[in-house]
Structures are given as structure tokens and as C-alpha cells.
Amino acid sequence: MEPYEAARLAVRALDDKQGVDIRLLKTTDLTVLADYFVICTANSTTHVRTLYDEVDKQLSEAGLPPIRREGYRNSNWLLLDFGCIIVHIFQRETREFYGLERLWSDATEIDIREIIQTEA
């Protein structure tokens with residue numbers, strides 16, 4: 001699976017489960033960590049876990065299981081690393097505190113409206 005297709009699938013999975021303020025950042029030229037970061041906010045601890053489980057399920061079923069999972073116990077910031085994409089799911093306060101969008105402000109933000117509209 002190409003990195004962009006994996007990122008699209010993650011965005012769609014988050015949107016399907018009512019993820020809030022989903023952002024897709026292309027980081028290919030900035031880091032070797034991943035080609036894309038997907039960042040999302042959840043409304044509660046339960047919602048964080050629901051989003052996390054859905055992304056894990058969707059990408060694993062598509063043949064791309066995560067190579068690393070982080071944060072499931074505390075549920076303020078959960079991370080799924082698929083190699084080519086990293087999915088960050090935050091509770092609102094934690095997302096504001098860490099400000100990943102500010103840290104990666106040189107990344108190209110991809111407009112996800114087309115992804116959500118065409119996949120819906």
C-alpha cells in the first residue's frame with residue numbers, strides 16, 4: 001500500500017468514528033520518521049480508544065498492521081506507527097499542550113475534504 005493511500009484510509013477511519021479536527025501532514029521531505037502524520041482530537045477517553053481501534057482495524061485489514069502502538073493505558077495521546085504514516089489521537093487539552101502542528105509547521109497540510117467527500 002502506498003503511503004498516501006494508507007493516510008487516506010486512516011483519515012477516513014477517523015472521520016467514520018467522528019474524529020474532530022483531523023489533519024493530514026505530508027512530512028516526506030522533513031523527516032525519515034514517516035511520509036505522513038495524521039492528527040486527530042477525540043472528545044473523551046472512550047472516544048480516543050474507539051478511534052485508535054478503528055484505525056488499527058482498518059489498516060490491519062488492508063494489509064498494513066502497525067509496527068508500534070503507544071499510549072493505550074493513559075488515553076490522552078495514542079499513537080499508531082505504520083512505518084509510512086503515524087497516527088496521533090489526542091484528547092483536546094493534550095493536543096493543545098503538545099502542538100504537533102506547530103512543531104511540524106514546515107510540513108505540507110493536505111486538504112482532507114476531498115478524501116472525506118469522495119470516500120463517504
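This note's numbering applies: residue 1 is where the sequence shown begins, and numbers increase by one.
Think of the CB as a built atom: it goes at the ideal place given N, C-alpha and C, for glycine as much as any other residue.
All figures in this text were calculated on a predicted structure; none of them were measured in a lab.
Close beta carbons around residue i, own chain, < 8 Å, minus the five adjacent residues each side
{"i": "I121", "result": "The structure shown does not extend to residue 121, since the chain is modelled only from 1 to 120, so the question has no answer here."}
{"i": "I67", "result": "D81, F82, G83"}
Coarse secondary structure for residue i, derived from DSSP in three states
{"i": "Q117", "result": "helix"}
{"i": "V32", "result": "coil"}
{"i": "R73", "result": "coil"}
Same chain, Cβ closer than 6 Å to residue i, five either side skipped, listed in chain order
{"i": "G19", "result": "C40, L51"}
{"i": "L14", "result": "I22, C40, L51"}
{"i": "E70", "result": "L79"}
{"i": "N76", "result": "Q91, T94"}
{"i": "I115", "result": "R8, V11"}
{"i": "T45", "result": "S75"}
Limits of the unbroken beta strand (DSSP E) element including residue i
{"i": "E5", "result": "Unbroken run through E5 is the alpha helix (DSSP H), 3 to 16; no beta strand (DSSP E)."}
Identity of the residues DSSP links to residue i by a beta bridge
{"i": "Q58", "result": "For Q58, which the question treats as bridged, DSSP gives no partner whatsoever."}
{"i": "I86", "result": "F37, D81"}
{"i": "L24", "result": "V38, I110"}
{"i": "R92", "result": "R92 pairs with nothing; no bridge assigned."}
{"i": "R68", "result": "D81"}
Pair within 8 Å by beta-carbon distance, residue i and residue j
{"i": "K26", "j": "E54", "result": "no"}
{"i": "I89", "j": "A42", "result": "yes"}
{"i": "A107", "j": "L30", "result": "yes"}
Endpoints, alpha helix (DSSP H) assigned at residue i
{"i": "L100", "result": "100 to 103"}
Any chain B beta carbon closer than 8 Å to residue i
{"i": "R113", "result": "Reference to chain B is not applicable here, since this structure consists of a single protein chain."}
Same chain, Cβ closer than 7 Å to residue i, neighbours up to 5 away in sequence not counted
{"i": "A7", "result": "L24, Y36, V38, I85"}
{"i": "M1", "result": "A62, G63, L64"}
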